[in-house]
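These notes concern the structure reproduced below.
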Amino acid sequence: MRRSLAVFLAVTGLIVIFLIHSVYTLLTLLVEDGSADAIHSAEIPAPNSPLIDNMPQYIPKIIHQTYINESVPEIWREAQRTCIDIHEDYEYKMWTDAKSRELIATEYPWFLNTFDNYSQPIQRADAIRYFVLAHFGGVYIDLDDGCNRRLDPLLSYPAWVRRTAPTGISNDAMGSIPQHPFFLTVMQSLPEYDKNWRLPYITVMYSTGPLFLSVIWKKYMSSGANIGDGAGGGRVRILMMDEYNRYPWSFFSHHKGSSWHGKDARLIFWMGSHWMMLTVMGFMLAGVVGFGLWWVWGRMLLLGQRRAKRRDGGSSSVWEKAMGWGWRGGKAGYELTERHPV
Ligand SMILES: *[C@@H]1O[C@H](CO)[C@@H](O)[C@H](O)[C@H]1NC(C)=O
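Position in the sequence shown (from 1) plus 7 gives the number in the numbering used here.
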């Protein structure tokens, strides 16, 4: 019995190690708060402060947005206007479906196949924002985010993203210099993460969306590339939640209308806000399943033993033969034997 217990524990252990290994980055993401790279309120001068003119400018003055075509729906037009109106000296690029595909086809043909084959349009909208940031640099802003104040202070970092709840970073507003190593990495990782996870929300989140971006960000940080604040620096700074939506001087304001969240999104949001409880329940469930497997394993051994006993008239250790292995030879050692017909 002791040997079979050892085998059982070894197999279970290997499965657990494999599972933990495959979700390791996701687990570490749960405890990553981004504080080491936070852009603090103290670093950001008040709107119209003369200090802003003294800050270096690395990110080019370009605002990128995406929509299907040029006719942006009424609900987002006001948000769009707030960003355009206070940045009259910025270039404004609206990436329609047609323009997005053209950029990929001419500049990044290696990605065209993946791009065309995404099952959800939002995946293309996610992907194109990483490409335009890596290509032209600038600031990407979701159409449902309005601008409260000029973005100039945020141009003084090589790259920045927004922290999000419950964990990781968001892709709804991001800034970058052209060819920033983080966005190059993000771009290059897209084909590898193009997997179908059955639930559309999970598929979008993990193939192109915020969860994908967060995982790449976590890996980027552990690769040691997250350094350098100057002109060609590799560091990615984090705009913390307080800085972007709590104070009156925050940069962005959220307007209505996430355009694509489905039913499964509500479930995921609920899971996101209860992740601690769900993690504990997951471990409990794993414990119950493990115990159940152990019980079934024990019953199988017992059954085999009984059947073998009935047949062989009860010689010792036959239950081991019935299960396909047993001790052979003397005290010196044991070896795995072939399965005996029962
Ligand atoms: C833009 O796309 C929307 C949504 O698919 C559609 O209703 C509208 O007719 C399109 N506008 C133009 C000018 O093609």
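All residues carry an ideal CB built from backbone N, CA and C; glycine is no exception.
Rounded Cβ spacing between residue i and residue j (contact assumed at less than 8 Å)
| i | j | result |
| --- | --- | --- |
| A238 | Y65 | 6 Å |
| L158 | A86 | In fact, because the Cβ distance is near 14 Å, the residues do not count as touching under 8 Å. |
| G240 | P165 | 4 Å |
| P52 | L58 | 4 Å |
| V193 | I223 | 5 Å |
| N124 | D104 | No, N124 and D104 are not in contact; Cβ-Cβ is about 15 Å, not under 8 Å. |
| R156 | P54 | 4 Å |
| S221 | L37 | Not a contact, Cβ separation roughly 10 Å. |
| A134 | T210 | Wrong, their Cβ atoms sit about 13 Å apart, outside the cutoff. |
| I245 | G20 | With 8 Å as the limit, I245 and G20 do not qualify as a contact, their Cβ atoms being about 37 Å apart. |
Paired residues, beta bridge with residue i - DSSP
| i | result |
| --- | --- |
| G41 | Paired residue(s): none; G41 is not in a bridge. |
| I245 | A45, V168 |
| T73 | W102 |
| M181 | Y147 |
| S260 | G153 |
| I135 | Looking at the DSSP assignment, I135 forms no beta bridge with any residue, so it has no partner. |
| I176 | R170 |
**Prompt:** What is the chain-ordered set of residues for which the beta carbon lies under 6 Å from any non-hydrogen atom of ligand 1?
**Reply:** After applying the 6 Å Cβ criterion, the set is I75, N76, S78.
**Meets three-Cβ-pair contact criterion under 8 Å: the stretch 127-141 and the stretch 58-74** = yes
**Item:** Three or more C-beta pairs below 8 Å linking the stretch 225-234 and the stretch 28-36
**Value:** yes
**Message:** Any contact between the stretch 167-179 and the stretch 98-114? By contact I mean 3 or more CB pairs, one from each, below 8 Å.
**Reply:** Output reads no: the stretch 98-114 does not touch the stretch 167-179.
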